[in-house]
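*Asks:* Here the working numbering runs 50 ahead of the position in the sequence shown, where the first position is 1.
All C-beta atoms in this analysis are idealised placements derived from N, C-alpha and C, irrespective of residue type, glycine included.
None of the values given here were measured: they were computed from a predicted structure.
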Amino acid sequence: MKKFLMMALLLAPMCVFAQKFGHVDSRAIIEMLPEYNQAQSDLQTLQKQYQDELKYLQDELQKKSDDYQAQAAELPDNIKQRREEELTQLYNKMNQFYEDSQRNLESTSQQKMSEITTKVLKAIQNVGDEGGFICIFDSSDNIVPYVSTTATTDVTELVKAKLNIK
Numbered sequence: 051m052k053k054f055l056m057m058a059l060l061l062a063p064m065c066v067f068a069q070k071f072g073h074v075d076s077r078a079i080i081e082m083l084p085e086y087n088q089a090q091s092d093l094q095t096l097q098k099q100y101q102d103e104l105k106y107l108q109d110e111l112q113k114k115s116d117d118y119q120a121q122a123a124e125l126p127d128n129i130k131q132r133r134e135e136e137l138t139q140l141y142n143k144m145n146q147f148y149e150d151s152q153r154n155l156e157s158t159s160q161q162k163m164s165e166i167t168t169k170v171l172k173a174i175q176n177v178g179d180e181g182g183f184i185c186i187f188d189s190s191d192n193i194v195p196y197v198s199t200t201a202t203t204d205v206t207e208l209v210k211a212k213l214n215i216k
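Okay, here's the thing in structure tokens:
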């Protein structure tokens, strides 16, 4: 029994050193994915559509405001009040559209990035399982304070291969 215990104590530190740790640059991998480029393109297209609509609303507000300013001195009070209310409603409509479009753009971005991130995380997990890694740190994540690139194995290329990225 003493021999077994001594052997276990001697081998335990070697088992600790035999564990494999890796690191990966997930940001670089994500930026290489065709899905990421497509998502960026889709988001830019959507943002352009929102900007065009907002410009249209701004132009409409500016035109009505200029018309009102030009005619304000000649208009009766009840028509002035109605036009001012109309301008206020148009201004509020423009602001609401801006807020809604920003929320929708952010939501769409989060959804697209979530799908991409899930795909990359799955590939990292597969590389970890297949390579026998105890832990794989993300070197592009600001949460990890330090990753020794000499004491860990860089598995970025393995994850790229898993995702068929060159």
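Which partner residues does residue 74 have in the DSSP bridge list?
*Replies:* Note: residue 74 sits in a beta bridge opposite 188.
*Asks:* Return the CA-CA distance between residue 98 and residue 105, expressed in angstroms with no decimal places.
*Replies:* Answer to the nearest angstrom: the Cα atoms are 10 Å apart.
*Asks:* Go through its chain and collect everything with a Cβ distance to residue 94's Cβ below 7 Å, but skip five positions before and after it.
*Replies:* Cβ neighbours of residue 94 beyond the five flanking positions: none.
*Asks:* Can you tell me which residues form a DSSP beta bridge with residue 204?
*Replies:* 73.
*Asks:* Out of curiosity, what's the CA-to-CA distance linking residue 183 and residue 171?
*Replies:* Those two C-alpha atoms are separated by around 14 Å.
*Asks:* Alpha helix (DSSP H) containing residue 178: first to last residue?
*Replies:* Residue 178 -> alpha helix (DSSP H) spans 127-181.
*Asks:* Do residue 144 and residue 111 have their C-beta atoms within less than 8 Å of each other?
*Replies:* Contact flag set, yes.
*Asks:* Are residue 190 and residue 75 close, meaning C-beta to C-beta below 8 Å?
*Replies:* Contact flag set, yes.
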